[in-house]
Structures are given as C-alpha cells and as structure tokens.
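**Q**
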Amino acid sequence: MSDFMSKINPFYKFVFIIVFSTVITFIHSLWLNIWVFGGAMLLILTGVKYTQYMRVVKFMLPVAFMSFSLFVMGLFFGEGGGGMFGTVTTQSTQTGITMATRFLSFAGIGLVFALTTNPYDLVKSLRKDAKLPRKFAYGMLCAINLLPHIKTEYQNAMMAFRVRGVRVGPLSLKPLFSMLVNAFRWSEMLSLAMISKGFYED
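Note that the sequence shown covers residues 714 to 915 in our numbering.
Right under this line is the structure:
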C-alpha cells in the first residue's frame, strides 16, 4: 500500500490542516462535513500503510460513539426539538446530523495528520521551514521522548497499588499523582541536562 502522504513536507501539511480546520469552523454545512470526512477516509485508505489500518479502527470506535452522542443531543435538544420525551422535528434531526458529521470531519482531518506525520520530522520541519526557535524545538522533542516513559510510569503506579491491595479504578487520581510527580522530576533533569550541554538561548 502506498504511503505517499507520509512523504509530504510535515510543515505544509500542518499549515493546510490548520487553515482548513479554521474554514470548517466558520462554515456550518452538512455536505461540507460529509465531503471532508469522506476525503479524509479516502486519503487514509490510499495514502497510509496497510499495517496502520488497525490503528484507524481503534481510533474510530470512540469517535463513532462520540458522533452518535452528538447526534442524539442535537436530535432531542437541538433547535426545534422538544426535550428527551418531546417531539422530534425535521430541524432538530438536521441539527443532530450536522453536529455528528462536523465532529467526524474534524476527527478525520486529525487522523490523517496523525497517521502520516512523524513527530520528529514535524519538529525538524518547523525548525527549518517555520524558523521555530531552538528552545521550542528541543523542548518539543523532549516532550515527545517523555511520552512513552510517562505511559510506563502510569502502568507501574497502577501495578504498585494493586500489589499493595489498594483498589484503583481507571479514573482514580492516585496513579496520576505519582505519574505527574515523576514527570516533573524528569522535566527538571532534562532542563538541567540541556543547559549543561549548551542548549540555551544565547
């Protein structure tokens, strides 16, 4: 499967998506939302590697749920609707469909960018083409490299609580607090390491 989308300059893709998303924000059109989402899915099918299709499915499951939730909200509480147990009008139905497809269009654009853009290439492109200051570029690279460690730290914190017999749910703040403490400590160590290596503004 061709991955031609990955070969496009990340900076140009970033600018295009920002501009295009801004246009969609101010234009409330059902057919525009449908065309944008359809175009995004077509780009994904033809412009990414076959191995990434499972990531698309995993991402689209919560997106579909959120889109359906917005449709129900617009259907019963949109303009012209009569509440949860009231009447459903053509206008409220159109409002619900527009809200759902609008969410899908933004999700589709974001998914195309996420699947076809390497974060390291994006930072290098911003540094070269957008003249991003060095301190921001290196800061972004540090944050990208910290993300896997933060995920591992969260999993270790969850396991430590379970070993001690403490019940923690998926929405519990206890492992998050431990993860954030270590993340702040890592950020301070990275800051000192970068300064010691000469990565400062002057």
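Glycine is no exception: its CB is placed at the ideal position from the N, C-alpha and C atoms.
Source: prediction; values computed, not measured.
Rounded to whole angstroms, what is the Cα-Cα separation between N722 and R847?
**A** Here residue 722 is taken as the residue at index 9 of the sequence shown, counted from 1. Here residue 847 is taken as the residue at index 134 of the sequence shown, counted from 1. If I take the Cα positions, the gap works out to 19 Å.
**Q** CA-CA distance, E866 and M892?
**A** In the sequence shown, the residue the question calls residue 866 occupies position 153. In the sequence shown, the residue the question calls residue 892 occupies position 179. Straight-line Cα distance between these residues: approximately 6 Å.
**Q** Could you give the distance in angstroms between the alpha-carbon of I908 and the alpha-carbon of K837?
**A** Position 195 of the sequence shown, counted from the start, is the residue given in the question as residue 908. Position 124 of the sequence shown, counted from the start, is the residue given in the question as residue 837. Going by the C-alpha atoms only, they are around 20 Å apart.
**Q** Suppose the cutoff is 8 Å on Cβ atoms and the five residues either side in sequence are ignored; what does the same chain contact list for A843 look like?
**A** Within the sequence shown, numbered from 1, the residue matching residue 843 stands at position 130. So the list reads F724, once near-sequence residues are dropped.
**Q** Would you report the Cα separation of K910 and L889, rounded to the nearest angstrom?
**A** For this step, residue 910 is matched to residue 197 along the sequence shown. For this step, residue 889 is matched to residue 176 along the sequence shown. Rounded to whole angstroms, K910 to L889 spans 31 Å at the Cα level.
**Q** Determine the DSSP secondary structure at M714, reduced to helix, strand or coil.
**A** Counting from 1 along the sequence shown, the entry for residue 714 is found at position 1. With a pLDDT of 41 at M714, under the threshold of 50, the modelled position of that residue is not reliable, and the figure given next carries that caveat. Note: M714 maps to coil in three-state DSSP.
**Q** If you reduce the DSSP assignment to three classes, tell me which class A777 lands in.
**A** Within the sequence shown, residue 777 is the residue found at index 64, counting from 1. Helix at A777.
**Q** What does the alpha-carbon distance come out to for the pair T918 and V876?
**A** Residue numbering for the chain in the displayed model covers 714 to 915; residue 918 lies beyond these limits and cannot be assessed.
**Q** State buried or exposed for F778, treating a residue as buried only when at least 16 other CB atoms are found within 10 Å of its CB.
**A** Here residue 778 corresponds to residue number 65 of the sequence shown, with the count starting at 1. Classification for F778: exposed.
**Q** Can you find the residues in the same chain that come closer than 8 Å, C-beta to C-beta, to M812, ignoring five residues on each side of it along the sequence?
**A** Position 99 of the sequence shown holds residue 812. Taken in chain order, the residues that qualify are L783, F784, M786, G787 and G791.
**Q** Could you pull out every residue in the same chain whose Cβ sits closer than 6 Å to the Cβ of S904, ignoring the five residues on either side in sequence?
**A** To locate residue 904, count along the sequence shown from 1; it is residue 191. Hits under 6 Å: none found.
**Q** Could you name each continuous beta strand (DSSP E) segment of 3 residues or more that falls completely within the stretch 811 to 894, going from the start of the chain to the end?
**A** Within the stretch 811 to 894, no complete beta strand (DSSP E) run reaches 3 residues.
**Q** Does the beta-carbon of N831 have 16 or more other beta-carbons within 10 angstroms, so that it is buried, or is it exposed?
**A** On the sequence shown, residue 831 is found 118 positions in, with the first residue counted as 1. Result: exposed.
**Q** Buried or exposed, going by whether 16 or more other CB atoms sit within 10 Å of the CB of V879?
**A** Taking the sequence shown and counting its residues from 1, the one referred to as residue 879 is at position 166. V879 is exposed by the Cβ-count criterion.
**Q** State yes or no: is the C-beta of S818 within less than 9 Å of the C-beta of I730?
**A** Residue 818 sits at position 105 when you count from the first residue of the sequence shown. Residue 730 sits at position 17 when you count from the first residue of the sequence shown. Contact: no.
**Q** At the level of alpha carbons, what is the spacing between K720 and H862?
**A** The residue given as residue 720 occupies position 7 in the sequence shown. The residue given as residue 862 occupies position 149 in the sequence shown. Roughly 28 Å separates the two Cα atoms.
**Q** For the alpha helix (DSSP H) that contains Y725, what are its first and last residues?
**A** Here residue 725 refers to the residue found at position 12 when the sequence shown is read from its first residue. From DSSP, the alpha helix (DSSP H) with Y725 extends over P723 to F739.
**Q** How many Å lie between M754 and G823 at the Cα?
**A** Counting from 1 along the sequence shown, the entry for residue 754 is found at position 41. Counting from 1 along the sequence shown, the entry for residue 823 is found at position 110. If you take the alpha carbons of M754 and G823, they lie about 11 Å apart.
**Q** Distance, Cα to Cα, R840 vs F739?
**A** The count along the sequence shown starts at 1 and reaches residue 840 at position 127. The count along the sequence shown starts at 1 and reaches residue 739 at position 26. If you take the alpha carbons of R840 and F739, they lie about 30 Å apart.
**Q** Do M773 and F827 have their beta-carbon atoms positioned less than 9 Å apart in this structure?
**A** To locate residue 827, count along the sequence shown from 1; it is residue 114. To locate residue 773, count along the sequence shown from 1; it is residue 60. Per the sequence shown, the amino acid found at residue 827 is Ala instead of Phe. Not closer than 9 Å, so no.
**Q** Could you have a look at A906 and say whether DSSP puts it in helix, strand or coil?
**A** Position 193 of the sequence shown, counted from the start, is the residue given in the question as residue 906. DSSP places A906 in helix when its eight states are reduced to three.
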